[in-house]
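Peer 1: Chains A and B supply the protein sequences, listed in that same order. Per my numbering, the first sequence runs over residues 681 to 925. Per my numbering, the second sequence runs over residues 33 to 294. Think of the CB as a built atom: it goes at the ideal place given N, C-alpha and C, for glycine as much as any other residue.
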Amino acid sequence: MHGPSQGDMAMLLLADSRLPAGGHAHSGGAEEAVRVGAITGPEDLARFLRGRLATAGLVSAALAAAACEIGSSVEEGSREVARWTRLDAEADARTSSPAQREASRTQGRLLVRTTRRIWPSPALDSLAAAVPDGAHHPVALGAAAAAAGCAPHQAALAAAYTSVTAPATAAVRLLGLDPVTVHRLLADLAPALNDAAHAACASLIDSVVGQENHHDWSALPAHAAPALDLLAEQHLRTEVRLFVS
Amino acid sequence: MSRTTTRPAPDTLHPARAAVRAHAAIATTLDGGATRLTTLRSDPPLTLRQTGPTTVHLVATAAGPLGGDHLELDLDVAAGTTLTVCSVAGTLVLPGPGTSVLTVRARVDEGASLRFAPEPTVLAAGCAHRSRVRLSLAEDATVLWREEIVFGRYGERPGRCHSRFDATVAGTPLLRQEFTVGDPATDDSPAVYGEARCVGSTLLTRARPESSHLAEGCAVLPLAGPGTLVSALAPDAVRLRERLEWGEQVALQSRFGGSSLP
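#1: Closer than 9 Å between beta carbons: that is the criterion. Which residues of the region 197-209 of chain B meet it against chain A?
#2: Can you give the Cα-Cα distance for residue 836 of chain A and residue 268 of chain B, rounded to whole angstroms?
#3: Straight-line CA distance for residue 293 of chain B to residue 276 of chain B?
#4: Closer than 8 Å between beta carbons: that is the criterion. Which residues of the region 729-762 of chain A meet it against chain B?
#5: Which same chain residues end up closer than 7 Å to residue 913 of chain A when comparing Cβ atoms and leaving out the 5 residues on each side of it in sequence?
#6: Buried or exposed, going by whether 16 or more other CB atoms sit within 10 Å of the CB of residue 732 of chain A?
#7: Between the alpha carbons of residue 251 of chain B and residue 261 of chain B, how many angstroms are there, rounded?
#8: Should residue 725 of chain A and residue 907 of chain A be called a contact, given that it needs their Cβ atoms to be closer than 8 Å?
#9: Return the CA-CA distance between residue 54 of chain B and residue 60 of chain B, expressed in angstroms with no decimal places.
#10: Quickly, what does DSSP pair residue 254 of chain B with across the bridge? List them, please.
#11: Quick one: measure Cβ to Cβ for residue 88 of chain B and residue 62 of chain B, integer angstroms, because I've assumed they're closer than 8 Å.
#12: Output yes if chain B places a C-beta closer than 8 Å to the C-beta of residue 787 of chain A; else output no.
#13: Would you mind listing the alpha helix (DSSP H) stretches within the region 743-775 of chain A that are 4+ residues and don't spill past its ends, in chain order?
#14: Can at least three beta-carbon pairs, one atom from the region 211-225 of chain B and one from the region 190-199 of chain B, be found at a separation below 8 Å?
#15: Given that residue 220 of chain B touches chain A, what residues does it touch there, using C-beta distances under 7 Å?
#16: Out of B:57, B:241, B:217, B:255, which one is the CA nearest neighbour of residue 283 of chain B?
#17: Among residues of its own chain, excluding the 5 on either side of residue 189 of chain B, which ones have a beta-carbon nearer than 7 Å to its beta-carbon?
#18: When the cut-off is 8 Å and only beta carbons count, does residue 719 of chain A lie next to chain B?
#19: Using a Cβ-Cβ distance cut-off of 8 Å, determine whether residue 212 of chain B contacts chain A.
#20: Scan the region 109-183 of chain B and note each continuous beta strand (DSSP E) run of 3 residues or more that stays entirely inside, going in chain order.
#21: If residue 234 of chain B sits next to residue 271 of chain B, beta carbons under 8 Å apart, how far is it from one beta carbon to the other, in whole angstroms?
#22: According to DSSP, which residues form a beta bridge with residue 73 of chain B?
#23: In or out: residue 33 of chain B buried (at least 16 other Cβ within 10 Å) or exposed?
#24: Quick check: the Cα distance between residue 107 of chain B and residue 232 of chain B, rounded to an integer number of angstroms?
#25: Is residue 228 of chain B buried or exposed, if buried means 16 or more other CB atoms sit within 10 Å of its CB?
#26: Grouping DSSP H, G and I as helix and E and B as strand, with all else coil, what is residue 830 of chain A?
#27: Select from the region 162-186 of chain B all residues with a C-beta closer than 9 Å to any C-beta belonging to chain A, and list them in chain order.
#28: For residue 91 of chain B and chain A, any beta-carbon pair shorter than 8 Å?
#29: Report the three-state DSSP secondary structure of residue 712 of chain A (helix, strand or coil).
#30: Once the 5 residues before and after residue 75 of chain B are set aside, which same chain residues still bring their CB inside 6 Å of it?
#31: Identify whether residue 248 of chain B lies in helix, strand or coil by the three-state DSSP scheme.
#32: Alpha carbons only, please: which of A:714, A:721, A:828 is nearest the one belonging to residue 747 of chain A?
#33: Looking at the C-beta of residue 670 of chain A, does it have a partner C-beta in chain B at a distance below 8 Å?
#34: Checking the sheet assignment: what are the DSSP bridge partners for residue 106 of chain B?
#35: Counting only beta-carbon separations shorter than 8 Å, does residue 226 of chain B have a partner in chain A?
#36: For chain B, check one thing: does any of its Cβ atoms lie closer than 8 Å to the Cβ of residue 837 of chain A?
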């Protein structure tokens, strides 16, 4: 069994951009937003991050919390194919842009590959077997969080956090912004980030049907961000790119 | 609720009235190879008029919805039948003593075809609105489902709206999406609506291009499941409709079988 302090440490490792799982290659739409002039400075960036957190960030947090819940109950040697594929299908239904699905699965595949070596566990083995082409990133993150001893709330926090830190650091590089100013923006998002993680966990509680461990994931948050979808598709058509997405 | 600051000027076309609960329904059956509308139940303010053999128009017979109204519409499209639902005019969502709630449930059976394309929903200043759509489709159901939301009348800041759309095909999720309008976190965010004043989307099934298509303010997005989402943002309702219709045409060109409806 893992104690709560082990979960804290694992959450820090999972949220750290230095985790060697390829997260640094993705800007979460920020690169294209900079290219088309939708982000020109810290004020636009603040609004971009707040909107991203309230939509894609919240959805990722809920999916990660759900995946952590599944991962925490996987027994040694069990396959759990149905539960993983059902949750992964819920992620698909919430990601209408093919470019974003591709980016999400690429990151999920790399994250599972990396974290299986750091925290070998039935949770990650069963996810890799159930979704061999790469699970969606938040699903992979939640499974890794479970493997590392995190609770669903910690998985949700890590997902919400990475949903804004990746575009924030990308914007620093792309626009040459003052990194301290941008970290101030991230610090200002702390209450919203906590709210997103709480909302994600509340939706998890609402999803319980019948006995414990029986979940209907259909009601998890599904907040859409049409501008992010447009940016993601445009980004694929842009010739010179620093970031994959 | 600060009614004095958020409530718009009295509207002569839409005089105030008490909150209502209404439940309207449309159902089709297959009768000798042809579609017959067997249920056409109006419940004001949701008034239904049959305007063609398989076409029904929603006709607003009262203002609203107003805050506090609870409106429900059930559509049941039986196997092999066809139904088109339109509306005569846009829906103007007005403030009232509570939240207005609109729930639409639609079931489209095997080989059936549904086109749902009402005029836009306009969120007047001070409104508080929730809309919930649940679409249950059989594997080979043919659907075009369009929704358009306009953020306030001309020059007006919108009230609050939360919409949720869930479509499943044979029980498997195809598309789930929520929109929140009137929330400072999302309203002016370049990640969500940017500078747009309208958001719209059309879900099409049995139409799925090989890859996505893109034009200004509009994306044609092949979904992971058997369908396509046309997603658009625009500065006004006219351009929103143009963008969605362009995207629908692009998606429909991929639909083989030569079906002309929807």
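Peer 2: By the coordinates alone:
#1: 197, 198, 199, 200, 204, 205, 206, 207, 208, 209
#2: Here the alpha carbon of residue 836 of chain A sits roughly 37 Å from the alpha carbon of residue 268 of chain B.
#3: Any reading at residue 293 of chain B must be qualified, since the residue scores a pLDDT of 47, below 50, and its modelled position is unreliable; the value itself is stated next. If I take the Cα positions, the gap works out to 17 Å.
#4: 729, 730, 731, 732, 733, 734, 735, 736
#5: 777, 779
#6: That one is buried.
#7: 8 Å
#8: The Cβ-Cβ distance between residue 725 of chain A and residue 907 of chain A does not fall below 8 Å.
#9: One Cα belongs to residue 54 of chain B, the other to residue 60 of chain B, and the distance between them is close to 20 Å.
#10: B:260
#11: At roughly 17 Å, the Cβ-Cβ gap does not stay under 8 Å, so residue 88 of chain B and residue 62 of chain B are not in contact.
#12: no
#13: 761-773
#14: Output reads yes: the region 190-199 of chain B touches the region 211-225 of chain B.
#15: 727
#16: B:241
#17: 157
#18: yes
#19: yes
#20: 114-119, 123-125, 132-140, 145-148, 153-155, 160-169, 174-182
#21: Incorrect: roughly 15 Å between the Cβ atoms, too far for contact.
#22: Paired residues: B:57.
#23: Low confidence applies here, because residue 33 of chain B scores a pLDDT of 37, under 50, leaving its location unreliable; read the following figure in that light. It is exposed - the Cβ of residue 33 of chain B has fewer than 16 other Cβ atoms within 10 Å.
#24: 21 Å
#25: buried
#26: coil
#27: none
#28: no
#29: Three-state result, residue 712 of chain A: helix.
#30: 54, 55, 56
#31: coil
#32: Comparing Cα positions, the closest option is A:828.
#33: Because chain A spans 681 through 925 in this model, residue 670 of chain A falls outside it and cannot be assessed.
#34: B:57, B:137
#35: At least one chain A Cβ lies under 8 Å of residue 226 of chain B.
#36: By the rule that beta-carbons nearer than 8 Å mark a contact, residue 837 of chain A does not touch chain B.
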